[in-house]
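Per our numbering, the very first residue in the sequence shown carries number 764; after that it's consecutive.
We put the beta carbon where it would ideally sit given N, CA and C, even for glycine.
Report on the structure given below.
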Amino acid sequence: MSQVTQEQGSLSGVAVSPGRASGPVVRVAEPLGAPPSAPAPPDPAAEAARIEPAAQLVAARLEKQAETATGEAATILQTTAAMAADPTLVSQAENLVKTERLPAARAVHQAAEGFAEMLAAAGGYMAERVRDIHDIRDRIIAELLGLAPPGVPELAGPSVLVARDLAPADTAGLDPAKVLALVTEEGGPTSHTAILARALGIPAVVAVRGLLAFDAEALVVDGDTGEVGLADASAPILAATTGGPAEWNGTGVTADGHRVKVLGNVGSAADAQAAADAGAEGVGLFRTEFCYLDASTEPAVEAQRAAYTAVLAPFQGKPVIVRTLDAGADKPLAFLSPDTEPNPALGVRGLRIAFDRPEILDRQLEAIALAARDSGAEVSVMAPMVATAAEAAWFAERVHAAGIARAGVMIEIPAAALAAREILDAVDFVSIGTNDLAQYTFAADRQLGAVAALNDPWQPALLRLIALIGKAAAETGKPAGVCGEAAADPHLARVLTGLGLTSLSMNAAAVRAVGASLAAATLEECEEAAAAALAAADPAKARQAVKSR
């Protein structure tokens, strides 16, 4: 969070993709502001009719981009295209034109804000999709107003991109041959900008406070330390990356044969296919919230069964860990009728909903068991927001009663990390959600750029909690994995392996790089890296200690 003044020639942020580069700066235009709500259109029906063609044109452009992309980039572009063509968004905007006599551009802005507020309230993974909504909002508005679409400008040559933030679709379309590095004032270590920058092998630093006021023709960017400094505009361009595509044989194993499963995180059928295409050995986190978000009533067991089967299908005969519904409090669902809470992030959410409404959990477990049978995947189930061993035991009993053999829990609350041994006595496995474990450990909202540095997965305090979990797993002889964004960093993957974790689960874009990183190190080297990171005073020193080894 600390920042160096411009007079001293540098700023600091959160390093999210390794490598060092320097070159001329190209600034990405600021997002469009809110269009005016007047004058009222003389013909509301005709004005409303302009919206759908504009949305379809935006969707078509994104789909065309997706055709030339691969892996996670293609998935993100396809998902963004689908959001642009969402009939609900279009119909709501059309209705605002007809009923409130708003210009089409203003109506799109207001309708999109409603969607964005819903996703932000959902928290976690869904809140991270707000940037997608804002992106397609601005693209449709630009089309309606006859303006150039927002996003990355055409690059004349190799450049350092500077932006307030980047939309996932913009990041997915970047050319690594022309983009030397990415620097953003907002964003965090779990953003799509971070994930895709690593996949493309582009050094990146996010959450650089004061960046947009930093007047520089050229910058030097260190994706290992998070430092961003002034560079001589006449100096030769430097590009020294350490990420990018990697060779991997598809089996998660260290150089000396120690097994560590490399798995995918998924939240839809498209995610699952992308993870399978990337070579993931299975799924370490299947988020089931997609089945519930738009539902005004609880989805029927058969509807859930069909939706889950579509996600499980690419992993027939392979392990898949399904997380039960992670909602409530700050992730409100209409059919749950949650009470208003003064601090919803610490309220009735995740497994806590099931204590009052166990029938909802039981119906979901029934649907998961049926989908497992339909798909042939080797399904395990885990619960979110578990704080104690008693809660873990309660959940495991219901899972086994539903006919599912393996029950586990997520460790994302510091109390659960401290009680990992007792929790592992009650369940078959645990999986660490490093994103939430970090935000609860440091009391720092993972969506807030101002505190993004505290959510850096290289924080030694976070790694020391993870070490406790790894030790408990070794003592009980049970698996402990990581399904948070920490697992997607190839260097940090070695540290996590050295701390005793037995599986790593990540976005599809990171699978090959993590698998290759593990294959290039022995278990002893991973343990030495872990010891060095644990002994460091701060994230930058932890990164440097591991890199120097």
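Contiguous alpha helix (DSSP H) elements confined to the stretch 1274-1298 occur at 1274-1282, 1286-1297, taking only those with 4 or more residues. Nearest to Gly1030 by alpha-carbon distance, out of Thr1087, Ile1232, Ala1140, Ala1063, is Thr1087. For Asp1137, the enclosing alpha helix (DSSP H) begins and ends at 1121-1138. Inter-residue distance for Pro1253 and Pro816 is about 43 Å (C-alpha atoms, whole angstroms). When C-alpha distances from Ser1280 are compared across Asp1019, Arg1184, Leu852, the shortest belongs to Asp1019. Around the Cβ of Pro807, a 10 Å sphere holds 16 or more other Cβ atoms; the residue is buried.
For the set Val1277, Leu1187, Ala1273, Val1172, the Cα lying nearest the Cα of Thr956 is the one of Ala1273. Cβ-Cβ separation between Val779 and Val968: approximately 7 Å, consistent with a contact (criterion under 8 Å). When DSSP states are grouped into helix, strand and coil, Asn1270 belongs to the coil group. In terms of Cβ geometry, Ala847 and Leu840 do not form a close pair [threshold 7 Å].
When only Cα atoms are considered, Leu945 and Lys1024 end up about 30 Å apart. Residue burial annotation: Arg1136 is exposed, with fewer than 16 other C-beta atoms found within 10 angstroms of its C-beta. In this structure Asn1270 is buried. Its beta-carbon is surrounded by 16 or more other beta-carbon atoms within 10 angstroms. Shown here for Gly1233: same chain residues with a beta carbon closer than 7 Å to its own, the five before and five after excluded, namely Ala1243, Leu1262, Gly1263, Leu1264 in chain order. Looking at the DSSP output, Met1145 sits in a beta bridge with Arg1086, Gly1171.
Two segments are said to touch when three or more pairs of C-beta atoms, one from each, lie closer than 8 Å; by this definition the stretch 811-826 touches the stretch 848-866. Taking a C-beta distance under 7 Å as the contact criterion, Gly989 and Val777 qualify as a contact pair. When C-beta atoms of the stretch 1138-1150 are compared with those of the stretch 1172-1179, three or more pairs fall below 8 Å, so the two segments count as touching. Rounded to the nearest whole angstrom, the CA to CA distance from Ala1165 to Leu1286 is 38 Å. Going by DSSP, Pro787 is part of the beta strand (DSSP E) stretching over 782-790. For the stretch 1228-1258, there is no continuous alpha helix (DSSP H) assignment of 4+ residues that stays within its boundaries. Fewer than three pairs of CB atoms, one per stretch, sit closer than 8 Å, so the stretch 1107-1122 makes no contact with the stretch 1035-1050.
Counted as a single uninterrupted DSSP element, the alpha helix (DSSP H) harbouring Ala1035 occupies residues 1032-1041.
As the crow flies, the alpha-carbon of Asp985 is around 19 Å from that of Thr934.
Secondary structure at Asn1218: helix, using DSSP grouped into helix, strand and coil.
In the displayed model, Asp985 falls within a strand according to three-state DSSP. Here the stretch 1126-1142 makes no contact with the stretch 1179-1199; the two share fewer than three CB pairs at distances below 8 Å. For Arg1050, the uninterrupted beta strand (DSSP E) run begins and ends at 1046-1050, by DSSP. Gly1080 is classed as exposed because its beta carbon has fewer than 16 other beta carbons within 10 Å across all chains shown.
In this structure the stretch 1118-1126 does not lie against the stretch 1199-1213, because fewer than three pairs of beta carbons, one per stretch, are closer than 8 Å. By the Cβ neighbour-count rule, Asn1012 is exposed, with fewer than 16 other Cβ atoms within 10 Å of its own. Ranked by Cα distance from Ala837, the first of Ser954, Glu948, Leu937 is Leu937. In this structure Ala1236 touches Leu1187 by the C-beta definition: roughly 6 Å separates them, less than 8 Å. Looking from the CA of Ala1002, the closest CA among Glu980, Ala940, Asp1034 belongs to Ala940. When rounded, the separation of the alpha-carbon atoms in Phe1158 and Glu880 is 32 Å.
In terms of Cβ geometry, Leu774 and Val1074 do not form a close pair [threshold 7 Å].
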